[in-house]
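Enquirer: Below are the structure tokens for one structure; questions will follow.
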């Protein structure tokens, strides 16, 4: 599956190499790429996410534990440079230093495995593919964007943070890979939620040449006109909450094909400024929330209730 391998910034080997290839770097300045994975563990009510982002001259890796039993999410994040090897048609992300090591590799055929160690953090997690993949290609003349994502995967493994130990067995897993030319000034809302019988992904990217999609997947256990396949829903979706500055408030996500209420179980906001004082290159605010979604979807003109779904809501805006 060619959509899994690294697609952009292939020439980069670190900051010195990037400076030596400055014309090429500037030509690819808006090329961006990221992998996002998450798992929801129903017995514990825990949601765990990890993602690697490749932009311009640097990569970053972030892993976040959302555990409602804790007062706030726990997170490890760092700017780094993944090794440049690019095996064909598979995921291959590797990094090693004296303070941290991680590898995330695999493919659509055999699944994916994350191994990570840094300080009190240790993780060894596997995701076995579940549903058929959903792909989308936006070619907006100037900006080009592609994605691959899979829901209802089976996830298992172990996470340790100090004296806290989490065992995941039969968790619901999510995996995606996105890449393309993305405007420097951008903003989006993104929702990806699921349960054992249904999955939903919805993106609204704001600004010129913006990408949008909303797709649902229903297993035969949910009576609907079409089962066990991806169904495209109305892509003009509204993400609303009454007090925009208060993430403790519920959200309403709606379109002519969707009426959902989101309960925010936990959230984490990251602010990134590069350089730290001038914010000349990067000025970003990114919030990732663990949510519970309830409501209805309209499939071929008939409203169905998929049941409570769990997953992630993102709000992202700024310059990068």
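Numbering (the numbering used here), first residue to last: 125 to 444. Don't be surprised by glycine CBs; every beta carbon is placed ideally from N, CA and C.
Please identify the residue among 300, 195, 166 whose C-alpha is closest to the C-alpha of residue 259.
Expert: Ranking the options by Cα distance to residue 259, first place goes to 300.
Enquirer: Short of 7 Å in beta carbon distance, which residues of its chain neighbour residue 131, apart from the five on each side in sequence? Order them along the chain.
Expert: 157, 303
Enquirer: Just to confirm, are residue 128 and residue 215 a CB contact at a threshold of 8 Å?
Expert: yes
Enquirer: As a quick exercise: from 437, 320, 217, pick the residue whose alpha carbon is nearest that of residue 392.
Expert: 437
Enquirer: Run through the DSSP bridge pairs and tell me what residue 300 is partnered with.
Expert: 160, 273
Enquirer: So, using beta-carbon positions, are residue 160 and residue 171 closer together than 8 Å?
Expert: no
Enquirer: If I'm right that residue 255 touches residue 341 with Cβ under 8 Å, what's the distance once you round it to whole angstroms?
Expert: Rounded, the Cβ-Cβ distance is 6 Å, consistent with contact.
Enquirer: Counting only the same chain and skipping the five closest in sequence on each side, list residues whose C-beta sits under 6 Å from that of residue 229.
Expert: Same-chain partners within the cutoff: 215, 216.
Enquirer: State the CB to CB distance for the pair residue 370 and residue 419, rounded to an integer number of angstroms; the pair is presumed to be in contact (CB under 8 Å).
Expert: Not confirmed; about 21 Å, so no contact.
Enquirer: For residue 296, tell me which candidate among 439, 276, 151 has the shortest Cα-Cα distance.
Expert: Comparing Cα positions, the closest option is 276.
Enquirer: Residue 162 and residue 298 - do their beta-carbons sit closer together than 8 Å?
Expert: yes
Enquirer: If distances are taken between C-alpha atoms only, which option among 335, 428, 247, 439 comes closest to residue 415?
Expert: 439
Enquirer: If we count the other Cβ atoms within 10 Å of its Cβ and call it buried at 16 or more, is residue 335 buried or exposed?
Expert: Residue 335 comes out buried.
Enquirer: Determine the extent of the beta strand (DSSP E) in which residue 146 is found, giving its start and end residues.
Expert: Looking at the DSSP string, residue 146 is not in any beta strand (DSSP E); the run it does join, the alpha helix (DSSP H), is 146 to 151.
Enquirer: Let's see if you can read the secondary structure: which residues bound the beta strand (DSSP E) around residue 132?
Expert: Neither: residue 132 is in no beta strand (DSSP E) and is coded neither H nor E.
Enquirer: For residue 126, which of helix, strand or coil comes out of DSSP?
Expert: helix
Enquirer: Specify the secondary structure class of residue 343 as computed by DSSP and reduced to three states.
Expert: Coil.
Enquirer: Using alpha carbons as the reference points, say which of 321, 347, 358 lies closest to residue 339.
Expert: 358
Enquirer: Using three-state DSSP, classify residue 333 as helix, strand or coil.
Expert: coil
Enquirer: Drop a sphere of 10 angstroms on the beta-carbon of residue 267, count the other beta-carbons inside from all chains shown, and report buried for 16 or more, exposed for fewer.
Expert: buried
Enquirer: Excluding five sequence neighbours on each side, which residues of the same chain lie with their C-beta closer than 6 Å to the C-beta of residue 365?
Expert: Taken in chain order, the residues that qualify are 373, 375.
Enquirer: How long is the line joining the alpha carbons of residue 203 and residue 221, rounded to whole angstroms?
Expert: 12 Å
Enquirer: At the level of alpha carbons, what is the spacing between residue 208 and residue 178?
Expert: Their backbone Cα atoms lie some 12 Å apart in a straight line.
Enquirer: Return the residue from the list 253, 381, 152, 201 that minimises the CA-CA distance to residue 394.
Expert: 201
Enquirer: If you drop the 5 nearest sequence neighbours on each side, which residues of the same chain put their C-beta closer than 8 Å to that of residue 333?
Expert: 264, 265, 266, 267, 307
Enquirer: What runs of the beta strand (DSSP E), each 3 residues or longer, lie entirely inside the segment 191 to 229?
Expert: Listed in chain order, they are 198 to 204, 215 to 220.
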